[in-house]
Amino acid sequence: MTGFLQIIRRDLHLAFRQGMDSMMVVMFFVIAVVLFPFGVGPEANILARIAAGVIWVAALLSSMLSLERLFQTDYEDGSLELLTLSPMALEIIVLAKVVAHWLTTGLPLIVAAPLLAVLLNMNAEGFPILILALALGTPSLSLIGAVGAALILGSRRGGVLLALLILPLYIPVLIFGVSAVDAVVGGFEARAQLLILGGFLLGALALSPWAAAAALRQAVE
Amino acid sequence: MTGFLQIIRRDLHLAFRQGMDSMMVVMFFVIAVVLFPFGVGPEANILARIAAGVIWVAALLSSMLSLERLFQTDYEDGSLELLTLSPMALEIIVLAKVVAHWLTTGLPLIVAAPLLAVLLNMNAEGFPILILALALGTPSLSLIGAVGAALILGSRRGGVLLALLILPLYIPVLIFGVSAVDAVVGGFEARAQLLILGGFLLGALALSPWAAAAALRQAVE
Amino acid sequence: MLHRFANPTRFLRFADIIQPWMAVLTVGLGAAGLYLGLFASPADYQQGESVRIMYVHVPAAWMGLFCYMAMAAAAAVGLIWKHPLADLAAKATAPIGAGFTFLALVTGSLWGKPMWGTWWVWDARLTSMLVLLFLYLGYMALINAFDDPTRGIKASSILVLVGVVNVPIIKFSVDWWNTLHQPSSVMRMDGPTIDASMLWPLALMAVAFNTYYVWVMLIRIRTEVAATKVRSLRMKQAHGS
Amino acid sequence: MGEFTGNNLTCVRSERIVFSGLDFTLAGGGALVLVGSNGSGKSSLLRLMAGLLHPASGVIAFDGAETSEDPEAHSGRLHYVGHLDAVKPVLSVSENVAFWASLRSGGGNVPQALSALGINHLADVPGRFLSAGQKRRVNLARIVAAPAPLWLLDEPTTALDKQTIAGLERTIADHRGSGGMVVISTHSDLALDNFQTLDLGHFSAGRTGNP
Amino acid sequence: MGEFTGNNLTCVRSERIVFSGLDFTLAGGGALVLVGSNGSGKSSLLRLMAGLLHPASGVIAFDGAETSEDPEAHSGRLHYVGHLDAVKPVLSVSENVAFWASLRSGGGNVPQALSALGINHLADVPGRFLSAGQKRRVNLARIVAAPAPLWLLDEPTTALDKQTIAGLERTIADHRGSGGMVVISTHSDLALDNFQTLDLGHFSAGRTGNP
Ligand code: HEM
Ligand SMILES: Nc1ncnc2c1ncn2[C@@H]1O[C@H](COP(=O)(O)OP(=O)(O)OP(=O)(O)O)[C@@H](O)[C@H]1O
Ligand SMILES: Nc1ncnc2c1ncn2[C@@H]1O[C@H](COP(=O)(O)OP(=O)(O)OP(=O)(O)O)[C@@H](O)[C@H]1O
Ligand SMILES: [Mg+2]
Ligand SMILES: [Mg+2]
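Protein chains in written order, with numbering that gives the first Met the number 0: chain E, 0 to 220; chain B, 0 to 220; chain A, 0 to 240; chain H, 0 to 210; chain L, 0 to 210.
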């Protein structure tokens, strides 16, 4: 347990010392969303119609981009070999790193989302459910993404390869995340969608540390 | 001149040996576009309305993702130092690498774009102009992006930082690229937009190798 | 990079003289401008009391643009003549300019709610201000992204020069984009021609914002110089000389 | 202390047999020096011993128990030093060493490790300011800080100056004096007493990569 | 052949003076060996000489002409070997060497360079399958393939086995015999004849980082 906390502490430490790491993910998120009005045009009603979708897609993309470095620096400077050789179970180490990653990147996304919803003219009724859905969905994204991040270690095409591997796995989260918001904006309940998102989270929590640890063992061979 | 061609040859070589590099960029492009129907819902008229914008935004994002590695691997394995120390002007080397990059990533995007336009129900009249606009726009993206890729070498936050630096600079290309397609679909001429895109390309061709070379020189200090 | 080849004492002496004046001017002019703006000037017959936001909003928007230009000029001097103080000035300007830009956006938004009934519209002017904020944020992110501070300064100087070429292009494209999609924009601000009772507070506030900028920039450069000294002292200590 | 053995080991890398039929035995207090020309498999053997690679055939055992049965226990009793130094640029030297020590039971003695490697004056310097040799010393301080019976060192003297190499020789002698074992690959001659040599060239399947 | 000189050089890294007041002169056929403890600035000086770093003050000149005036001409007459080997994993050994040679006028003689370093049997092996020492040899083959009068070598013997080190010594002697110059930083003793030594410890601003 102390090892688990030590790793979280170190990763938070690294993130804060490095200056604005979490800020940057949020800023990418904001910019990706802001690109859409340029592409789609400034009409408020069209933007409002696609707001939830755009915000979720941007959250997916920024989560994916930030995950690329989850194990990369440790891999490049040799720390990953040493973590693999530490007496702790590698699965626990992975979980600690994912928790630290979500705290520094997932949480700020959730905070920034309402602002973007305002920019895109989203119906104000959708705000609380958007936050709730993101709170349930982004940890799943981090967990699933960790598997991808571990798989691409040592490959020469980081970013794009990661995108290919994990974006398809993100699609279910996307579908239910958007449909939760759309349901509430349309005057319905979003209970079912939230339950499903919660179920995804539990599943990811149970499976992905194992998969990621196996991939990491492969990578340091 | 032979050096210029040698570098292009080597980079094409590396891209093809590494298996499916260009494939991967195209696939990211396709997946990013395909996420939208999931996010926005399947209504054909909404999709048609936003098609050009979504395709261009996805092209921007995939160009950006693939640019991250433009100098990265050379930087990490020491090749960049040696390229800087070769008797050729560094500006020429940058240009050669950008040309090779565009051939392996920009060109495939253009080929894939009509397919996605069909998926998003875009008006068929827009297809030729979409291809033309992408042909003029994507080289500018590669050139502008090369500056960003050179600036982030050795920084702690590759992907996300690059996005933050260059996405705002991509906005003019996005605006005119989309508006060219929208104009033709709406029954107007797109001459002015294409001329402006061409102007951007010439400007980027003239300026960005210098800026990128300056950035590279201080990256290897 | 403040080793013994770029001794900052002359600058520090100069700053010692200027800084108190700037502080006094900022407080004095700012107070006068605010008083005139908030109490002495009339409310607008169309916009009511909310017009008073203008006295903060307009100078803030001006300063947002001005600081970017100042930053680019400083970065160019730093790159070409390798003057370390110019580098520090560029670095010190960025957060101030970003702050002004942010202030313009926030006050604009607050103003927009009563005026247009919405916090945000994708108008050309608003949008290019938003992009400007991103340019500032990108600069600040890059300067802090390196382990070696000198490396960060050089990289971000190149970035700001590239950005300065692009600012007019972005501005022009955004104008074009917006007029295309939305020819008659709601928020063309051709309100009542400004009369003297509104012009005076506006001018005072604009000058106060300028002196505030110089004042804070001097403080930031000083802090930066001190931080550099501390760093190099610690390094020297560590390496034992 | 126990006994560390390898029996009839075969190592395959990228579908090519690097070595085969290799045995070794190392008792408490012993030292095994791996020699052999470039590409003969020294680094590969050390990674096998650490459990980072898995042998294509053969058994590695500690105290008679196969190490692959309980990899975490094996990790707990070894320190591995590879080509990379695992020094985080934004953490100070002492934070770097302390983190690795904190993952081991006991937590270790950081200040003492730093002075053993002659870098206590660098304790508060961030990793980014270190030269090649200084980073290597931080990496070595890590293994001194938290004790473990088995040290696996892959060319540990790379980038070290002569004075530090002498210090390292003393540190290794101390470690062995308290019953520790050490396996070292090296191309330069380290002054150790009473060591076994294992020439990888004898086990390589074919040529060894020399002119 | 010309003369390579440095005059009153100061090097600043991360806001700290690494060395100052350093002079050197190297004539055709000469060798300069840089020694000094870890962190004394050997690598930094080599990068200054290559033009990768710029001196905070002082002048580096070749044949009397300042090198910073025409950096491309200076690049054309030097070969630099740093800590990284610039070996592309997907290119074969001979493709790797040939690419670097092709950027130089003349194009160079790749097969001869491979055999000089004893890696001709690896010519078709992709870079990703090489051991540390084999990669280093590929890097050294690159500088043998295309001739240049000035060699700047930063710890070139790292990871090399003894046989290859002896080969390298012969190669350097040949290079010098035909009028070439060489600057080497090293912690181990290379057998060169008739060389100058430059101890960086004398120019560093303070102590040098040893216990
Ligand atoms: C977030 C929203 C807003 C932003 C980003 C914004 C931005 C700007 C900028 C950049 C300027 C300076 C233009 C120049 O001098 O070239 C400006 C001036 C001005 N803005 Fe705003 N604005 C916003 C909202 C508003 C609103 C809601 C109003 C009032 C209805 C308003 C009224 C004015 C006025 C009166 C000026 C001075 C006009 C002039 O200089 O000709 N702004 N604004
Ligand atoms: N990239 C860097 N950025 C900032 N400072 C550095 C960097 N690399 C080295 N230094 C500092 O510069 C000084 C000289 O380093 P350099 O690498 O030249 O030493 P060296 O003599 O090659 O040492 P070694 O024998 O360990 O390789 C050291 O004190 C180090 O802390
Ligand atoms: N990552 C790898 N993937 C595939 N093959 C490898 C890898 N690393 C090394 N090899 C191959 O395995 C063999 C042994 O390599 P190893 O690194 O163990 O040699 P070494 O004895 O440590 O050599 P050196 O003295 O050069 O460090 C070599 O022939 C090499 O080609
Ligand atoms: Mg080895
Ligand atoms: Mg060195």
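All C-beta atoms, glycine included, are put in the ideal place defined by N, C-alpha and C.
- In this structure, Asn122/B places its C-beta atom within 8 Å of the C-beta atom of Val184/B.
- Spatial neighbours of Asp173/H in its own chain (CB-CB distance under 6 Å, excluding positions within 5 residues in sequence) are not present.
- Under the Cβ distance rule, Asp173/H does not count among the residues neighbouring chain L, no pair being separated by less than 8 Å.
- Secondary structure note for Ala145/H: it is in no alpha helix (DSSP H), with a DSSP letter that is neither H nor E.
- The closest heavy atom of ligand 5 lies 7 Å or more from the beta carbon of Ser13/L.
- Around the beta carbon of Trp20/A, fewer than 16 other beta carbons lie within 10 angstroms, which makes this residue exposed.
- Counting along the chain, the unbroken alpha helix (DSSP H) around Thr170/H starts and ends at Lys161 to Gly176.
- For Ile143/B, the uninterrupted alpha helix (DSSP H) run begins and ends at Gly125 to Leu150, by DSSP.
- Here the C-alpha atom of Ile92/E lies approximately 11 Å from the C-alpha atom of Asp10/E.
- For Asn6/H, the three-state secondary structure derived from DSSP is strand.
- Relative to Asp84/L, the option among Leu89/B, Pro127/B, Ala211/B and Thr72/B whose CA is nearest is Thr72/B.
- By the Cβ-count criterion, Gly50/L is buried, with 16 or more other Cβ atoms from all chains shown falling within 10 Å of its own Cβ.
- Relative to the non-hydrogen atoms of ligand 2, the Cβ of Asp160/H comes within a distance shorter than 7 Å of at least one.
- Chain order gives the chain B residues near Ile170/E as Leu34 and Phe37, where near means a beta carbon separation below 8 Å.
- Under the DSSP assignment, Thr83/E falls in the alpha helix (DSSP H) whose first and last residues are Ser78 to Thr83.
- Interface flag for Lys87/H against chain L is unset, since no Cβ pair is found closer than 8 Å.
- Under the criterion of beta carbons closer than 8 Å, Asp160/H and Ser36/L qualify as touching, at roughly 4 Å.
- Using a CB distance below 9 Å, no part of the stretch 194 to 227 of chain A faces chain E.
- If only complete runs of 4 or more residues are kept, the stretch 92 to 156 of chain L shows the alpha helix (DSSP H) at 92 to 101, 109 to 115 and 131 to 144, in order along the chain.
- Shown here, Gln195/L sits in a strand according to DSSP, grouped into three states.
- Leu47/H and Leu139/L have their alpha carbons spaced roughly 29 Å apart.
- Of Ile143/B, Gly198/B, Val33/B and Phe175/B, the smallest CA-CA separation from Glu188/B is found for Phe175/B.
- Counting along the chain, the unbroken alpha helix (DSSP H) around Met62/A starts and ends at Met53 to Trp80.
- Here the distance from the Cβ of Gly117/L to the nearest heavy atom of ligand 3 is not below 7 Å.
- Bridge pairing for Tyr79/H: Leu151/H [DSSP].
- Taken through DSSP and simplified to helix, strand or coil, Leu52/L comes out as coil.
- For Thr66/L, the CB contacts under 7 Å within the same chain, skipping 5 residues up- and downstream, are Gly50, Ile59, Ala60 and His73 in chain order.
- Considering only Leu189/L, Phe18/L, Asp123/L and Gly5/L, the residue with the shortest C-alpha distance to Gln162/L is Leu189/L.
- Contact of Gly202/E with chain B is not assigned, every C-beta pair being separated by 8 Å or more.
- Residue Trp150/L holds the alpha-carbon nearest to the alpha-carbon of Arg76/L among Trp150/L, Lys87/L and Gly166/L.
- A straight-line Cα-Cα distance of about 6 Å links Trp214/A and Gln18/A.
- DSSP places Met26/B within a helical segment (H, G or I) once states are collapsed to three.
- Contact of Trp121/A with chain E is assigned, a C-beta pair being separated by under 8 Å.
- Checking the DSSP bridge columns, you'll see Ala60/H partnered with Thr4/H and Glu65/H.
- One thing to note: Ala147/L has its Cβ no nearer than 8 Å to the Cβ of Ala100/L.
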